[in-house]
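Numbering-wise (my numbering), the sequence shown opens with residue 1 and increments by one.
Everything on this sheet refers to the single structure shown next.
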Amino acid sequence: MKGRIAIYPGTFDPITYGHIDVIEQASKLFSKLIVLVARNTTKTPLFSSEERIAMIKEVVRTRNGVTVDGFNGLLVDYAKDHKATVVIRGLRAVSDFEYEFQMAQTNRKLAKNIDVVFLVPHDQYTFLNSTIVREVARFGGDVSSFVPPVVRKRLSEKFLQP
Ligand code: COA
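Right under this line is the structure:
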């Protein structure tokens, strides 16, 4: 699969060790990986798109072949513009499947050349999502086993602000 450009899209509000696990796996499979902060119209993120991109950039900065970008439109349009033919998604549990299956089929209808690759995070991350992280941080809980230090710092700054 080397030589193909892959996109890992998500809301990343904020990026967690579970997402980083997927990025690590995907970057071994593809020579170029774009981590894309995309828009899920059902969500109102805590962090702005710029803040989420900045956090991801800090986290992946030493990783060869991994870049970070943001986009507000359709994923398939971004893929076409950037010559990407693979979309990466993480599958944590059976509960993820229905939504992921629906998105994969929709993207395929919209762009026939896109292949969707599902990667499974290690079991210590299968319970994790960004909502849990935001919730624990909001009430001053310890999120150090869920997110890297840079994200922990941004979360505490966010919740300390009046
Ligand atoms: N580790 C930890 N958490 C993970 C995870 C992993 N490996 N994989 C997913 N999650 C969590 C996320 O943190 C998120 O948690 P939250 O809901 O509590 O915030 C949740 O699972 C959903 O995953 P996420 O990766 O954030 O995806 P999303 O569902 O918000 O993203 C988009 C969906 C942005 C990719 C999709 O809406 C999209 O493609 N938008 C562009 C517009 C478009 O093309 N729409 C048509 C799509 S068919």
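For glycine and all other residues, C-beta sits at the position ideal for the given N, C-alpha and C.
All values derive from a computational prediction rather than experimental measurement.
The beta-carbon distance between S144 and R152, rounded to whole angstroms, is 6 Å. This is short enough to meet the 8 Å contact definition. R138 and F30 have their alpha carbons spaced roughly 36 Å apart. Look at the beta carbons and you see the stretch 16-28 not touching the stretch 106-113: under three pairs across the two are nearer than 8 Å. Here F47 has D13, P14, M55, R154 and K158 as same chain residues with Cβ atoms under 8 Å from its own Cβ, once five neighbours each way along the sequence are excluded. A Cβ-Cβ contact shorter than 8 Å links V35 with I23. Straight through space, the alpha carbons of T41 and V94 are spaced by roughly 23 Å. Under the criterion of beta carbons closer than 8 Å, D115 and T85 qualify as touching, at roughly 6 Å.
Of the residues assessed, S156 falls on the exposed side of the cut-off, its CB having fewer than 16 other CB atoms within 10 angstroms. Taking the Cα positions, R61 is about 21 Å away from R4.
When DSSP states are grouped into helix, strand and coil, L75 belongs to the helix group.
For a cut-off of 8 Å, the C-beta gap from T16 to L91 is around 15 Å, too long to register as a contact. Judged by DSSP secondary structure, G140 falls outside any alpha helix (DSSP H); it is assigned neither H nor E. The DSSP assignment places complete alpha helix (DSSP H) segments of no fewer than 4 residues inside the stretch 6-32 at 17-29, in order along the chain. The Cβ neighbour count for P149, taken over all protein chains shown within 10 Å, is under 16; the residue is labelled exposed. Beta bridge pairing from DSSP links R89 with F118.
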